[in-house]
Amino acid sequence: MERLRFVLVDDNPNDRALVRRELGKEFPQAEVIEVFSPEGLDEVLLRGEFDLLITDYQLKWATGLEILRQTKDRYPGIPVVMFTGTGSEEIAVDAMKEGLSDYILKSEKHLKRLPAAVKAVLERAEAERRAEEMETRYRDIFQSLPLGVYRTTLDGRLIDLNPAGLEIFGLSDIDEAKKISVWDVYEDREDRELIIKRLKDEGYVKNFR
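This is the structure:
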């Protein structure tokens, strides 16, 4: 397993030491890159190659929200954890709408949950990355299949149709396909009812008739 690299953005050296101590309990082999100036942040973001960024909300030269935006602009998949002061939880909740992974109240008591929070955030980010990979692989297979494949709702509305399916239906693109009902293809009422039953029971239909 590759060594984890965390970026820690905080202009208080004592607080940085506390964070390093807590992270070391769960991630003793991790590299912690300390950032305490805008120049340092620019350098880290330019270089990249880190797994997670932790930032204080109240910095002398920026806010945690600004740090979050800068990070997400360059690395949308990198998780960000923010320290907030008491009473600023609402700010953190707003930040989560912009991609913040988690927030922790900045106190010695709450700091103890940092390792568990970081572990959970990293696991979630990895799960999302794998899901995106699977979606990409599925999409590649879906698009390249020589057989017509489509996804539809139970009322016959087409959600997706691969190129082979477009050719079979005589359609030019997916937007045109979404304007028709797949049930128009199956004029026989018994056929439609059987397909709907299979969709409900199994979630898919193949080799129909």
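In terms of our numbering, the sequence shown is residues 15 to 223.
Beta carbons are placed, not taken as given, at the ideal position from N, Cα and C, and that holds for glycine.
Just the Cα atoms here: how many angstroms apart are residue 37 and residue 172?
-> Answer to the nearest angstrom: the Cα atoms are 49 Å apart.
Compare the beta carbon distance of residue 58 and residue 95 with 7 Å and say whether it is the shorter of the two.
-> Residue 58 places its beta carbon 7 Å or farther from that of residue 95.
What are the partner residues of residue 174, as DSSP defines its beta bridges?
-> Beta-bridge pairing links residue 174 to 165.
Where does residue 18 sit, in a helix, a strand or coil, going by DSSP?
-> Reduced to three states, the DSSP call for residue 18 is coil.
Measure how close the beta-carbons of residue 114 and residue 81 come, nearest whole angstrom, since I'm counting them as under 8 Å.
-> With a beta-carbon spacing of about 10 Å, residue 114 and residue 81 fall beyond the 8 Å limit used to define contacts.
What did DSSP end up calling residue 64 once you bin it into helix, strand or coil?
-> Correct three-state label for residue 64: coil.
Span separating the alpha-carbon of residue 205 from that of residue 189 | Rounded to the nearest angstrom, the two C-alpha atoms are 26 Å apart.
Those runs of the alpha helix (DSSP H) which lie wholly inside the region 90–159 and span at least 4 residues | Runs found: 103–111, 122–125, 128–158.
How many Å lie between residue 69 and residue 145 at the Cα?
-> Those two C-alpha atoms are separated by around 27 Å.
Burial state of residue 126 (16 or more Cβ within 10 Å) | The residue in question, residue 126, is exposed, as its Cβ has fewer than 16 Cβ neighbours within 10 Å.
Own chain, CB closer than 6 Å to residue 29, minus 5 neighbours either side, in chain order | Counting only Cβ-Cβ distances below 6 Å, and skipping sequence neighbours, we find nothing.
Per DSSP, what kind of secondary structure is residue 239 in: helix, strand or coil?
-> Because the chain in this structure spans residues 15 to 223, residue 239 falls outside the shown range and cannot be described.
8 Å CB neighbourhood of residue 182 in its chain, flanking five on each side removed | Counting only Cβ-Cβ distances below 8 Å, and skipping sequence neighbours, we find 162.
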